[in-house]
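Here is the structure we will look at.
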Amino acid sequence: MTRSVGLIERYRADLPFGPDDPVVSMGEGSTPLVHAPALSERVGADVWLKLEGLNPTGSFKDRGMCCAVSAALREGASTVICASTGNTAASAAAYAARAGMRGVVIVPEGRIATGKLAQALVYGARVIALQGNFDEALRLVRRMADEHPIALVNSVNAFRLEGQKTAAFELLEDLDGELDALCIPVGNAGNVTAYWKGFQERGASPRLFGFQAEGAAPLVLGRPVERPETVASAIRIGNPARWEEAMAAMTASRGAVRAVSDEEILDAWAFLASREGVFCEPASAASVAGLLKYGADGCARIACVLTGNGLKDPQTALDRAGGVVPCPAEFGALEAAVLG
Ligand code: AN7
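Now the structure itself:
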């Protein structure tokens with residue numbers, strides 16, 4: 096039997112943790128990289144999917160949270176706080192629970208996916224529903240962390256990026272360094288920044304293509320969006336905290352930040368589920384939507400980051416997918432239902 100190794104253990108030499116530091120880990124990282132034959136055929140390139148939805152709480156946030164909460168514990172903090180569109184909240188709540196710390200998460204009221212809300216509550220965090228959007232929530236929690244002895248675990252926390260950069264290490268290892276481009280959804284712009292850091296630390300420079308939802312595309316427009324709107328609730332963010340660094344990374348990599356519509360996101364999301372058998376949450380499908388819309392741009396091998404699990408957002412799935420077939424408990428009816 097192989098014990099699950101968390102990412103601090105796997106990559107300690109590349110992370111700001113010593114051998115005696117406390118580690119709050121649940122075997123995050125080391126996620127599957129699976130080939131996408133249907134997608135590869137459609138775009139005429141060798142396309143791979145990095146399944147970050149298979150992390151312990153179902154999103155890539157666990158990579159960063161493992162490091163941010165471990166560091167907070169080392170510093171003696173007893174409470175962690177974050178603003179979140181949902182996944183950061185679920186992850187912070189879980190790692191706080193495991194560390195024996197208090198978790199407080201601020202989410203935009205009525206605007207996060209059901210699964211994420213359920214997670215944050217069950218892990219025992221105090222869940223505060225703010226009558227405002229994510230950007231307002233982030234501004235307010237930054238002040239909370241300034242004025243109180245509470246550790247802020249949003250991706251403005253440098254340890255978050257340290258943890259998240261390890262996904263770039265894994266990609267390079269799994270593909271023997273052969274990677275021409277990365278397609279990734281962009282919200283608060285921490286993850287694309289973290290990947291670039293990871294690639295640079297390994298001397299690699301794949302092109303970074305970041306994708307935002309049309310109604311929440313501040314980086315594409317070049318100005319903050321006051322009322323961001325998209326079906327992809329995870330990336331409903333109008334004023335990304337890592338704006339400059341993310342733009343610098345995409346530019347340095349000869350990549351780009353581009354927009355995809357909600358319809359394009361949902362088409363890609365449905366294609367992934369029905370053709371590749373991979374169910375991600377809508378925000379994650381922005382990476383594939385962007386690849387389908389803008390093409391491979393001469394890149395031979397491309398990885399798309401699927402940032403979160405489809406089970407996070409069952410409501411969107413049920414609203415968009417086909418309905419069930421009702422059937423009386425009798426063989427003739429079942430035959431008709433199955434074969435019809
Ligand atoms: C599934 O949880 O911002 O560009 O508060 O949940 O690093 O922000 C989530 C972001 C992509 C964007 N995909 O990453 C939060 C939050 C999923 C996400 C992103 C998020 P960043």
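Here the sequence shown is numbered in the numbering used here, starting from 96 and rising by one per residue. C-beta atoms are modelled at their ideal positions from N, C-alpha and C, and glycine is treated no differently. As the structure is a prediction and not an experimental result, all values here were calculated from the model.
Euclidean distance between Cα positions of residue i and residue j
| i | j | result |
| --- | --- | --- |
| A336 | C161 | 20 Å |
| G435 | A416 | 19 Å |
| F254 | A329 | 21 Å |
| M345 | P323 | 22 Å |
| A172 | I207 | 27 Å |
| A178 | E204 | 12 Å |
| V200 | E430 | 50 Å |
| Q410 | A185 | 17 Å |
| R98 | P319 | 45 Å |
| I103 | E296 | 16 Å |
| P117 | D230 | 32 Å |
| T183 | D157 | 8 Å |
| L267 | R349 | 18 Å |
| R237 | A140 | 42 Å |
| G198 | P244 | 13 Å |
| E321 | R107 | 40 Å |
| A412 | G427 | 30 Å |
| D414 | E136 | 29 Å |
| G113 | R105 | 13 Å |
| E358 | D115 | 49 Å |
Closest residue to residue i among the options (Cα-Cα distance)
| i | options | result |
| --- | --- | --- |
| A312 | F426, V164, I332 | I332 |
| P301 | V326, T325, N286, E273 | E273 |
| V202 | Y190, G293, G195, N228 | N228 |
| V175 | N182, V164, A185 | V164 |
| A391 | G317, V142, E104 | V142 |
| V373 | L146, G101, F112 | L146 |
| A167 | L216, A240, G122 | A240 |
| P132 | R197, F366, G210 | F366 |
| A347 | K292, P111, S120, L406 | K292 |
| V119 | E136, E104, A194, R98 | A194 |
| C375 | D408, D357, E358 | D408 |
| V281 | I223, E340, D116, R238 | E340 |
| S356 | E425, W364, L267 | W364 |
| W338 | G317, E268, L266, D414 | G317 |
| Q259 | L233, F294, C278, R237 | F294 |
| A232 | D115, Y106, M196, N334 | N334 |
| Y389 | R105, E358, G427, C278 | C278 |
| G305 | R105, L235, A384, P114 | A384 |
Cβ distance (whole Å) where residue i is taken to contact residue j below 8 Å
| i | j | result |
| --- | --- | --- |
| L303 | Y290 | 7 Å |
| L386 | V129 | With 8 Å as the limit, L386 and V129 do not qualify as a contact, their Cβ atoms being about 15 Å apart. |
| A262 | Y218 | In fact, because the Cβ distance is near 23 Å, the residues do not count as touching under 8 Å. |
| Q307 | V251 | Contact doesn't hold; Cβ gap of about 19 Å is too wide. |
| N150 | T126 | 6 Å |
| E170 | A246 | 7 Å |
| C394 | A276 | 4 Å |
| P111 | E242 | Incorrect: roughly 26 Å between the Cβ atoms, too far for contact. |
| A432 | V420 | 5 Å |
| V315 | A354 | 5 Å |
| P377 | A424 | P377 to A424, Cβ: 35 Å. No contact. |
Proximity below 8 Å, CB of residue i to CB of residue j
| i | j | result |
| --- | --- | --- |
| G403 | G148 | yes |
| D109 | F264 | yes |
| A379 | L401 | Sequence check: residue 379 is Ser here, not Ala. In contact: S379 and L401 (Cβ atoms closer than 8 Å). |
| A381 | I397 | no |
| F155 | N286 | yes |
| A192 | V248 | no |
| G310 | T288 | no |
| G153 | G124 | no |
| E371 | L134 | yes |
| A215 | V222 | yes |
| C422 | L144 | no |
| G122 | L406 | no |
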